[in-house]
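*Asks:* In my numbering, the protein residues as written are 382 to 673. A single structure is presented below for examination.
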Ligand code: CO
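Below is the structure:
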């Protein structure tokens, strides 16, 4: 029971932080200020940052998070995806929304991913097949005249794990795996004006611990120890490592040694404009959407 309560607490924090993020996502705010304020809000609400706030704009579908020297500013007409994770005792709630800043050109694109998520949630119960969730998402987005992004998926979440089994598809992949009691899953449809694929882009400054092999450099060892204590295998950003003045050097070293891996931005292959909506759902008789 404690587990479910922790999930619910994490979900409350993540959804409040998302609504706060929405309220300050205005023309003129820098990406850095937006990310930092949302992360500060998560901590104020009693949670911890589950992964660095992603601010992915227009054709970038996901995994963009500002570096400490980023001076980018939100502009009128931008289609901004805010993807937010908060954890409580390691239980991570993952939620995302899309905001079009100051214009209304992509209202239907945003509605497409929102309605796809709602329709998917409506069929979620113990025993629902993963492929059926994908089908509902795909059908809804196509009905709006857009494409689902097929090579991005929802995922399971677990304590101290942001991406775990199962993969929750955004199209009908015919997966007959059924949802089971006690699972926690994030469903995150992406709708695009392109053909529905993303590729790897620039490195984004987000890392996670992938292999705890011994390292010779004593400062690098200290950093690994800090990461283990603070994040375990959850993702973190170079901008969070203010205690380590030589963080960039140490991260490069640890990435080269295979101890850390760095994520990349995920741009649309056709430079299509992308919308995303995401909720985390705890699977039991009630199937509570914890990030509502
Ligand atoms: Co997610």
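Each residue gets a CB set at the ideal place from its N, CA and C atoms; glycine is no exception.
Leaving out five residues before and five after residue 636 in sequence, what residues of the same chain have Cβ atoms less than 8 Å from its Cβ?
*Replies:* One-based indexing of the chain shown puts residue 636 at position 255. Closer than 8 Å at the Cβ level, and outside the excluded window around residue 636, lie 588, 642, 643.
*Asks:* Which residue spans inside the segment 469-527 form an unbroken alpha helix (DSSP H) run of at least 4?
*Replies:* 488-504, 511-524
*Asks:* For residue 657, which beta-bridge partners are listed by DSSP?
*Replies:* For the purposes of this step, residue 657 is taken as residue 276 along the chain shown, with counting starting at 1. Bridge partners of residue 657: 571.
*Asks:* Given residue 579, which residues of its chain have a CB within under 7 Å of its CB, disregarding the five upstream and five downstream residues?
*Replies:* Counted from its first residue, the chain shown places residue 579 at position 198. Around residue 579: 442, 530, 532, 533, 647, 648, 649, 650.
*Asks:* For residue 462, which residues does DSSP report across the bridge?
*Replies:* Looking up residue 462 in the chain shown gives position 81. Answer is 437, 479.
*Asks:* When the Cβ atoms of the segment 599-610 are set against those of the segment 618-628, are three or more pairs found closer than 8 Å?
*Replies:* yes
*Asks:* Just how far apart, CA to CA, sit residue 385 and residue 543?
*Replies:* On the chain shown, position 4 is the one that residue 385 refers to. On the chain shown, position 162 is the one that residue 543 refers to. Those two C-alpha atoms are separated by around 16 Å.
*Asks:* Under 6 Å Cβ to Cβ from residue 500, same chain only, skipping five residues before and after it: list those, please.
*Replies:* Translated into positions along the chain shown, residue 500 becomes position 119. The residues are 517, 521.
*Asks:* Can you tell me whether residue 567 sits near the ligand CO, meaning its C-beta is under 7 Å from at least one heavy atom of the ligand?
*Replies:* Position 186 of the chain shown, counted from the start, is the residue given in the question as residue 567. It does: the Cβ of residue 567 is within 7 Å (strictly closer) of some heavy atom of the ligand CO.
*Asks:* How long is the line joining the alpha carbons of residue 541 and residue 388, rounded to whole angstroms?
*Replies:* The residue labelled residue 541 in the question sits at position 160 within the chain shown. The residue labelled residue 388 in the question sits at position 7 within the chain shown. Roughly 12 Å between the two C-alpha positions.
*Asks:* Who are the near neighbours of residue 519 in its chain, counting only those whose CB is closer than 6 Å to its CB and skipping five residues on each side?
*Replies:* Translated into the one-based positions of the chain shown, residue 519 becomes position 138. So the qualifying residues of the chain are 529, 552, 553.
*Asks:* Could you name the residues that DSSP lists as bridge partners for residue 649?
*Replies:* Here the question's residue 649 lines up with position 268 in the chain shown. Per DSSP, 579.
*Asks:* Using the three-state DSSP reduction, which class does residue 412 fall into: helix, strand or coil?
*Replies:* In the chain shown, residue 412 corresponds to position 31, counting from 1. It is helical.
*Asks:* What is the residue span of the beta strand (DSSP E) that residue 549 lies within?
*Replies:* Within the chain shown, the letter at position 168 stands for residue 549. That run of the beta strand (DSSP E) goes 542-549.
*Asks:* Based on Cα-Cα distance, which residue from 409, 417, 497 lies nearest to residue 618?
*Replies:* By one-based count along the chain shown, residue 618 stands at place 237. The candidate whose alpha carbon is nearest that of residue 618 is 417.
*Asks:* To the nearest angstrom, report how far apart residue 550 and residue 629 are at their CA atoms.
*Replies:* Reading the chain shown from its first residue, position 169 is the one you call residue 550. Reading the chain shown from its first residue, position 248 is the one you call residue 629. The straight-line gap from Cα to Cα measures roughly 35 Å.
*Asks:* Given 8 Å as the limit, is there contact between the segment 423-440 and the segment 467-474, that is, 3 or more CB pairs closer than that?
*Replies:* Short answer: they touch.
*Asks:* Looking only at its chain, what residues have a beta carbon closer than 7 Å to the beta carbon of residue 372, apart from the 5 residues adjacent to it on each side?
*Replies:* With the chain represented from 382 up to 673, any question about residue 372 goes unanswered, as that position is not in the structure.
*Asks:* Under 8 Å: do the segment 652-660 and the segment 564-577 share three or more Cβ pairs, one atom per stretch?
*Replies:* Here the segment 652-660 lies against the segment 564-577, with 3 or more beta-carbon pairs under 8 Å apart.
*Asks:* Checking the sheet assignment: what are the DSSP bridge partners for residue 617?
*Replies:* As a first step, residue 617 is located in the chain shown; it is residue number 236 there, counting from the start. Per DSSP, 588.
*Asks:* Just curious, the alpha helix (DSSP H) that residue 605 is in, first and last residue?
*Replies:* In the chain shown, the residue the question calls residue 605 occupies position 224. Note, residue 605: alpha helix (DSSP H), 599-611.
*Asks:* Under 8 Å, do residue 671 and residue 445 count as touching if we go by C-beta distance?
*Replies:* For the purposes of this step, residue 671 is identified with residue 290 of the chain shown, where counting begins at 1. For the purposes of this step, residue 445 is identified with residue 64 of the chain shown, where counting begins at 1. Taking 8 Å as the Cβ cut-off, residue 671 and residue 445 do not qualify as a contacting pair.
*Asks:* Following the continuous beta strand (DSSP E) through residue 539, name the residue where it begins and the one where it ends.
*Replies:* Residue numbering aside, residue 539 sits at position 158 when the chain shown is read from its first letter. Here the beta strand (DSSP E) through residue 539 covers 535-539.
*Asks:* Within 10 Å of its beta-carbon, does residue 419 have 16 or more other beta-carbons around it, so buried, or fewer, so exposed?
*Replies:* Indexing the chain shown from 1 puts residue 419 at position 38. Buried is the call here.
*Asks:* Tell me, please, which residues DSSP counts as bridged to residue 565.
*Replies:* In the chain shown, the residue the question calls residue 565 occupies position 184. According to DSSP, which records beta bridges pairwise, residue 565 is partnered with 663.
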